[in-house]
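Worksheet: one structure, shown below.
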Amino acid sequence: MNNDLIFQKIIKKEIASNILYQDNIVTAFDDIHPKAPIHILIVPNYLIKTANDINKKNKNIIAHMFYIAVKIAKQKNISEDGYKIVINCNKNGGQEINYFHMHLLGGTKLKTLY
Ligand code: AMP
């Protein structure tokens, strides 16, 4: 299976996952291999493969993804202590699933890369 299909199937509820939020633009669900006590993925409902595919037409979706990530962070009570929003792009960025997504990580002190 093409690995971008995994997220497409989660969005359509064809494979099991813990969906925390869904509207007509984005879906948010728990990461299956959490790297922190809170590790949630926020994805657009239609396929954008990588950050390189953000363009004039779809850029509003990215703003909505941020808005929902922050909303979930507040709901999960991690906004005051803080969190990370991570986007990996392609091989050097460590992107494993070829479907654009944001990682919302929190609930502990997270390591920084720099
Ligand atoms: P990335 O390395 O940025 O492409 O991240 C892909 C993320 O997707 C990883 O953190 C995986 O643990 C997560 N992942 C892979 N398959 C699933 C799944 N079926 N349900 C939830 N998260 C998944």
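Take the sequence shown: its position 98, counting from 1, is numbered 97 in numbering that gives the first Met the number 0, and each next residue is one higher. Glycine is no exception: its CB is placed at the ideal position from the N, C-alpha and C atoms.
Exercise for the section: Under the assumption that S16 contacts D29 (Cβ atoms under 8 Å), give the Cβ distance between them as a whole number of angstroms. Expected result: 7 Å
Practice task
Report the partner residues of H38 according to the DSSP bridge assignment.
Solution key: L104
Exercise for the section: Work out the CA separation of G81 and M101 for me, nearest whole Å. Expected result: 16 Å
Exercise for the section: Provide the residue span of the beta strand (DSSP E) that contains Q21, from first to last. Expected result: 18-21
Exercise for the section: Go to F28, then tell me how far its beta strand (DSSP E) extends in each direction, as first and last residue. Expected result: 25-29
Problem - Given 8 Å, three or more beta-carbon pairs between the stretch 60-75 and the stretch 88-97 - result: no
Practice task
Could you tell me the boundaries of the alpha helix (DSSP H) in which K58 lies?
Solution key: 58-74
Problem - For Y82: DSSP bridge partner residues - result: G105
Practice task
Measure the beta-carbon distance from T107 to P36 and round it to whole angstroms, keeping in mind my assumption that it falls under 8 Å.
Solution key: 6 Å
Problem - I5: first and last residue of the uninterrupted alpha helix (DSSP H) it sits in - result: 3-10
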